[in-house]
Each structure stands twice: as C-alpha cells, then as structure tokens.
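Quick notes on the structure that follows.
There are 2 protein chains.
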Amino acid sequence: MDIPPLARTFVLHFGEMGSRWGVNRTVGQIYALLFLSNRPLNAEDITGALGLSRSNISMGLKELESWRLVRLQHIPGDRREYFSTPEDVWEIVRILAEERRKREVDPTLSLLRSVLMETPDSPEERHAQERMRELHGLIELLTGWADDVQKLETERLVQLMKLGSRITRLLDMKDRLTLLPGGKGRRRKAANTEDSGE
Amino acid sequence: MDIPPLARTFVLHFGEMGSRWGVNRTVGQIYALLFLSNRPLNAEDITGALGLSRSNISMGLKELESWRLVRLQHIPGDRREYFSTPEDVWEIVRILAEERRKREVDPTLSLLRSVLMETPDSPEERHAQERMRELHGLIELLTGWADDVQKLETERLVQLMKLGSRITRLLDMKDRLTLLPGGKGRRRKAANTEDSGE
DNA sequence: CAGTTCGTTCAGTAATTACTGAAAACACAG
DNA sequence: CTGTGTTTTCAGTAATTACTGAACGAACTG
Numbered sequence: 001m002d003i004p005p006l007a008r009t010f011v012l013h014f015g016e017m018g019s020r021w022g023v024n025r026t027v028g029q030i031y032a033l034l035f036l037s038n039r040p041l042n043a044e045d046i047t048g049a050l051g052l053s054r055s056n057i058s059m060g061l062k063e064l065e066s067w068r069l070v071r072l073q074h075i076p077g078d079r080r081e082y083f084s085t086p087e088d089v090w091e092i093v094r095i096l097a098e099e100r101r102k103r104e105v106d107p108t109l110s111l112l113r114s115v116l117m118e119t120p121d122s123p124e125e126r127h128a129q130e131r132m133r134e135l136h137g138l139i140e141l142l143t144g145w146a147d148d149v150q151k152l153e154t155e156r157l158v159q160l161m162k163l164g165s166r167i168t169r170l171l172d173m174k175d176r177l178t179l180l181p182g183g184k185g186r187r188r189k190a191a192n193t194e195d196s197g198e
Numbered sequence: 001m002d003i004p005p006l007a008r009t010f011v012l013h014f015g016e017m018g019s020r021w022g023v024n025r026t027v028g029q030i031y032a033l034l035f036l037s038n039r040p041l042n043a044e045d046i047t048g049a050l051g052l053s054r055s056n057i058s059m060g061l062k063e064l065e066s067w068r069l070v071r072l073q074h075i076p077g078d079r080r081e082y083f084s085t086p087e088d089v090w091e092i093v094r095i096l097a098e099e100r101r102k103r104e105v106d107p108t109l110s111l112l113r114s115v116l117m118e119t120p121d122s123p124e125e126r127h128a129q130e131r132m133r134e135l136h137g138l139i140e141l142l143t144g145w146a147d148d149v150q151k152l153e154t155e156r157l158v159q160l161m162k163l164g165s166r167i168t169r170l171l172d173m174k175d176r177l178t179l180l181p182g183g184k185g186r187r188r189k190a191a192n193t194e195d196s197g198e
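Chains as they are written, first to last, in the UniProt record's numbering: chain R, 1 to 198; chain W, 1 to 198.
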C-alpha cells in the first residue's frame, strides 16, 4: 500500500520530529500514519506503507501502546490486530501530558525530594540544595496546575485557552470583589489597588 | 574539581534526562552543574567536574548557548569565558518554551499549513487533510494561548497556576454577569444556568 | 615578535541506538 | 494433534550519535 502524496510529507516529518522527542523515526512514522488513516490498520498495512521490516513495526507498535497513543482492536472475522489513534485530538494531548509526566517529571521530583532531605556539608552544597528547592517548587506548581486542568472538560479548557491573557481581567475583578469584605461601598479604594498593582 | 555528593546525583540524573529531551548526556550534565553552581564556571572547571574532554565541553556549551540556557560572561582580569544559568527559574521556563516552540512546533505548523492548501485527490486524502486540519487548529490554539501567557508577569502567572481549576468559578461568575445585560435583577435564572452546565 | 593561554574544529573511534531476518511462540481451525 | 496465519523475540548488523585528542586559530603578554 502506498501512502498518498499529501500524507507522505506529514508522515516523514513526524518521523524526523519523533527523534527530537523520545521516540525513533519508525515510531513517529507509524503514529503519523495511524493518525491520518480513516480506518484501523494492521501491521502488514503499516509495513507496506512505510517499507520497513515487519519486526520493526511490531516493536514500534508496542512502544506506541506503552505510550497509550494507539489502541488495539479486532475486526470480526479477521484474526489480525488492528490499530488506531484516539479520534479526539484533546484526548491525545491529555494522554501525552500524562505519559510524559510519568516518564520525565515524576522521577525528577522524587529525586529532588530525596536530595532535599539531606543535610548540606558546605556553602556550595547549601546553595545547590537551595536551587533544587526552587526547582522543586516550580515543578510542583506546574504539575499541580496540570492536574487541575486535566480535570476540566474539553469545552471549558478551550474556553480558557481562547480567553488567554484576558483572564487577568477576571482576576482583577475578583481581587476587587474579595478585597472588599461585605461590599461596604469602598469601591474607590479597590480601584486604587489595581493601579498600584503594576 | 569534585562535585559534592549532594549535587552529583542531580547532575547525573539530568544527564540521563537530557537524552529523553533533544540533548545528549554531556549537555544535560553541564547544564545541571551550572544550574546548581553558586558562581559562574569556566570550561576547565566543568571539564574537571565532569571528567569529560575539553572539546566535548566546548561543544556542549555551544549547544546550550544556542538554546539560550546559559549565559556567557567575563570576569575582570581573567581571559577565560565563564558561564552561568539565569537565576530566575521562571525565566528558564520561558526560554525553554520559546526554544522548543521554535524548534518543534513552528516547523510542524508551517508544514501543516502548506499541506492544507493542497487539494485532496481521494476520500483517503480528504480524511487525512481533515485530521491535519484538526491538529493544526489544536496547535494554533495552544501556541496562541502560550503566547498570551508569556506576556504575563511572573506574579500573575503564579497566581493563575495556584488558582488552577478553580478558575472555572470565575468563568461561571463572568458568564452570569455577561449573560444578563444591565443586571436587571434576573439572578435566579443565572443560577440555573450554572447547574445545567455540568 | 615569540610565547602562552584559551577556544574551536575535525577526523577518527567508541558507544549507542535502530533495524533486520530468522526462529520461536502463539492462537486458532480443522 | 497438525497446519496455517499471525505476532514476538532476539542475535547480529547497520546506521547514527557521542566523544576524544591532536592540530589549528585567535587573543593576549611581555
């Protein structure tokens, strides 16, 4: 099976991009192919399309399964295994975020935590530990936020993204409201707070 | 120069992590070392600490410079080049976001755009193009948002992150306010809107 | 200008990673 | 159980990437 020209560019590009990411060219290509396909593909389809060995494809698919980026399914009356990607692109984003976190962030966090328990023996070590503490705090904040965001329905998430930095207007509004307990008519003070803020 | 034990774990870990990311072990280690250091280091310091060849370090530093992750500076009365990382961890996050985007996202976007201009020749191609359109839209939304967020001062960003998914409460509030032009006292209707929303 | 110190380049080599083909394992059908 | 179509494993090899040492070049010093 030949890949239509329009799709080929994309597949090859994804193959190269894969390398920048933790996966090899083959894995990138397989994923791109499945992403574009209008039906699930079996290993032979993929072998034919990409011109790579059967065993290579098998390994690639395994890796993609371990990333939960492809799904295995069966077609009635056919013994072969068919693969496809999730339809919803947001679903893909969520999965990627989770997996990358599991593989890259969590190990780092746990290493940081254990090093932060130790007692520094010198000014250098003390400074190093301080830096690690900063990094730890940063990662905690980012992942905490990511956890939170993961919980939102897609609708909401899109709404938030579109709002972008205009979200700060809402924050300003909130500040104004919450800084004035009971709303006792001290509006002017609140307006000042905003000005001095920047 | 020997790396204190407390820092060594971190440096080695970063070296390994580097590989998952687009950089090699050496580059990861150099970066970690500089990140932890309480003073700028020159190439020889780094060579000594990591036990790698001078030329390797030179190449690593060049790569880190191309990522804008380290800064070159000079110390009065010393001809050698000294390197350090930005102090502020948020600054680092911003730089990383920009660079990764430049290297990974932008090329993909431009490829997608050009492929989306073409006319599909078959149902398969049409479907493939449709998928690419979805992906394109997603990336545009994400990067647009990222651009927006980049503009915020760190203070604001932290505030937003801490708020996390509670941000939706603000959105609800905003909806309630904007859906009721002039605030003509139809509060009860607004409250209902929220309930049916989830 | 010769000598010194530093940084860069690059060809060669080491180390790692990717890929293949053959064999094994598996799953089912008759 | 045997045969067939399928996926997996793995040892060997190819390809790629990382690293080194030696040579070179640039910038300064006396």
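Backbone N, C-alpha and C fix where the C-beta goes; we use that ideal spot for every residue, glycine too.
As the structure is a computational prediction, the values presented were derived from the model and not from experiment.
Supposed close pair residue i, residue j - CB separation, criterion 8 Å
i                      : j                      : result
residue 25 of chain W  : residue 16 of chain W  : 7 Å
residue 118 of chain R : residue 69 of chain W  : Going by Cβ atoms, the distance from residue 118 of chain R to residue 69 of chain W rounds to 26 Å, so no, they are not a contact pair.
residue 60 of chain W  : residue 30 of chain W  : 5 Å
residue 112 of chain R : residue 138 of chain R : Rounded, the Cβ-Cβ distance is 10 Å, inconsistent with contact.
residue 133 of chain R : residue 116 of chain R : 6 Å
For residue i, the three-state DSSP class (helix, strand or coil)
i                      : result
residue 185 of chain R : Low confidence applies to residue 185 of chain R: its pLDDT is 42, below 50, so where it sits in the model is not reliable, and the reading given next is rough at best. Coil.
residue 113 of chain R : helix
residue 39 of chain W  : coil
residue 104 of chain W : helix
residue 6 of chain W   : helix
residue 69 of chain R  : coil
residue 139 of chain R : helix
residue 19 of chain W  : helix
residue 53 of chain W  : coil
residue 84 of chain R  : strand
Proximal residues of chain R, C-beta to C-beta of residue i below 7 Å
i                      : result
residue 131 of chain W : 35 and 36
residue 127 of chain W : 38
residue 2 of chain W   : The contacting residues do not exist; residue 2 of chain W stays about 11 Å from chain R at best.
Residues that residue i contacts on chain W, provided the C-beta gap is smaller than 7 Å
i                      : result
residue 170 of chain R : 170 and 174
residue 46 of chain R  : Correct list: empty, because the minimum Cβ distance to chain W is about 15 Å.
residue 122 of chain R : 4
residue 51 of chain R  : Simply none; closest approach about 18 Å.
residue 165 of chain R : 148, 149, 151 and 152
residue 41 of chain R  : In chain order: nothing, as chain W lies at least about 12 Å away.
Residue i versus residue j: straight-line alpha-carbon distance, rounded
i                      : j                      : result
residue 21 of chain W  : residue 166 of chain R : 32 Å
residue 144 of chain W : residue 152 of chain W : 13 Å
residue 121 of chain W : residue 14 of chain R  : 22 Å
residue 56 of chain R  : residue 45 of chain W  : 44 Å
residue 33 of chain W  : residue 11 of chain W  : 6 Å
residue 169 of chain R : residue 170 of chain W : 11 Å
residue 130 of chain W : residue 96 of chain W  : 31 Å
residue 160 of chain W : residue 147 of chain W : 15 Å
residue 41 of chain R  : residue 84 of chain R  : 7 Å
residue 125 of chain R : residue 98 of chain W  : 31 Å
residue 66 of chain R  : residue 75 of chain R  : 22 Å
residue 86 of chain R  : residue 101 of chain W : 24 Å
residue 174 of chain R : residue 173 of chain W : 10 Å
residue 142 of chain R : residue 105 of chain R : 10 Å
residue 156 of chain W : residue 177 of chain R : 17 Å
residue 73 of chain W  : residue 64 of chain W  : 14 Å
residue 62 of chain W  : residue 23 of chain W  : 12 Å
residue 39 of chain R  : residue 164 of chain W : 38 Å
residue 35 of chain W  : residue 88 of chain W  : 10 Å
residue 18 of chain W  : residue 108 of chain R : 12 Å
residue 52 of chain W  : residue 80 of chain W  : 18 Å
residue 54 of chain R  : residue 2 of chain R   : 16 Å
residue 114 of chain W : residue 43 of chain W  : 44 Å
residue 48 of chain R  : residue 50 of chain W  : 46 Å
residue 71 of chain W  : residue 110 of chain W : 30 Å
residue 4 of chain R   : residue 127 of chain W : 11 Å
residue 90 of chain R  : residue 140 of chain W : 13 Å
residue 158 of chain R : residue 58 of chain W  : 44 Å
residue 37 of chain W  : residue 150 of chain W : 27 Å
Closer than 8 Å at the beta carbon, the chain W residues around residue i
i                      : result
residue 161 of chain R : 141, 142, 144 and 145
Proximal chain R residues relative to residue i, where beta-carbon distance stays under 8 Å
i                      : result
residue 63 of chain W  : Those do not exist, as residue 63 of chain W stays about 14 Å from chain R at its closest Cβ, beyond 8 Å.
residue 138 of chain W : 89, 90 and 93
Residues that residue i contacts on chain R, provided the C-beta gap is smaller than 9 Å
i                    : result
residue 9 of chain W : 111, 114 and 115
Give me the subset of the stretch 12-33 of chain W whose CB atoms are less than 7 Å from a CB atom of chain R, sorted by chain position.
Here the close residues are 13, 17, 20 and 22.
Worksheet item: Closer than 7 Å, Cβ to any Cβ of chain R: which residues of the stretch 143-155 of chain W, in chain order?
Response: 144, 145, 148, 149, 151 and 152
**Message:** Using a Cβ-Cβ cutoff of 8 Å, what residues of the stretch 89-107 of chain R are near chain W? List them in chain order.
**Reply:** 89, 90, 93, 103, 104 and 107
* Members of the stretch 55-80 of chain W that neighbour chain R once the beta carbon cut-off is set at 9 Å -> none
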